[in-house]
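Heads up, the sequence shown is in the working numbering, so the first residue is 8 and it goes up one at a time.
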Amino acid sequence: MELATDPVLLARFSALTYNGHRIHYDHPYATQVEGYPGLVVHGPLLALLALELPRRHAPDRAVRSFSYRLVRPAFVPARIVSAGQARGTEVDVVVAARGAAPSLTAKVGLA
Numbered sequence: 008m009e010l011a012t013d014p015v016l017l018a019r020f021s022a023l024t025y026n027g028h029r030i031h032y033d034h035p036y037a038t039q040v041e042g043y044p045g046l047v048v049h050g051p052l053l054a055l056l057a058l059e060l061p062r063r064h065a066p067d068r069a070v071r072s073f074s075y076r077l078v079r080p081a082f083v084p085a086r087i088v089s090a091g092q093a094r095g096t097e098v099d100v101v102v103a104a105r106g107a108a109p110s111l112t113a114k115v116g117l118a
């Protein structure tokens, strides 16, 4: 699964989640004040992508558990890719900017 990120997506996600941190929607602030190379993709957005993968591949199975770890940021204009491997009722998921090291690792337990 893949998601293209852009400033509009991050501004909308910020509004949806009531996240006012400027690193997600104010490029000059993110780069010049905080020192990031670009706008920072929200951690919760990466987590939603991790959950979406098993939902699409096993729509008849409910999620019974979900744990994740954010390990490094992703920046606009990254194309975010999620990939997973099922082992019984558990799915290990990795979310990363295309060609980059993982930004998030997760375990999804399915019923």
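Positions of the beta carbon are idealized from the N, C-alpha and C atoms, including for glycine.
Item, Value
"Give a yes or no on whether the C-beta atoms belonging to Pro80 and Val47 are separated by under 9 Å.", "yes"
"Can you look up Gly91 in the DSSP assignment and give me helix, strand or coil?", "strand"
"So, under 8 Å CB-CB, Leu53 and Ser110 are touching, yes? Tell me the CB distance rounded to an integer number of Å.", "6 Å"
"Could I get the ranges of all uninterrupted beta strand (DSSP E) runs contained in the region 10-88, with 3 residues as the minimum, in chain order?", "70-77"
"Output needed for Ala11: all residues of its chain with C-beta closer than 7 Å, excluding positions within five of it in sequence on either side, in chain order.", "Arg86"
"Could you pull the DSSP bridge partners for Thr112 from this structure?", "Arg76, Val101"
"Let me confirm a value: His49 is counted as buried when at least 16 other C-beta atoms fall within 10 Å, else exposed. Which label applies?", "buried"
"Where Arg105 and Val88 are concerned, what is the direct C-alpha to C-alpha distance, given to the nearest angstrom?", "6 Å"
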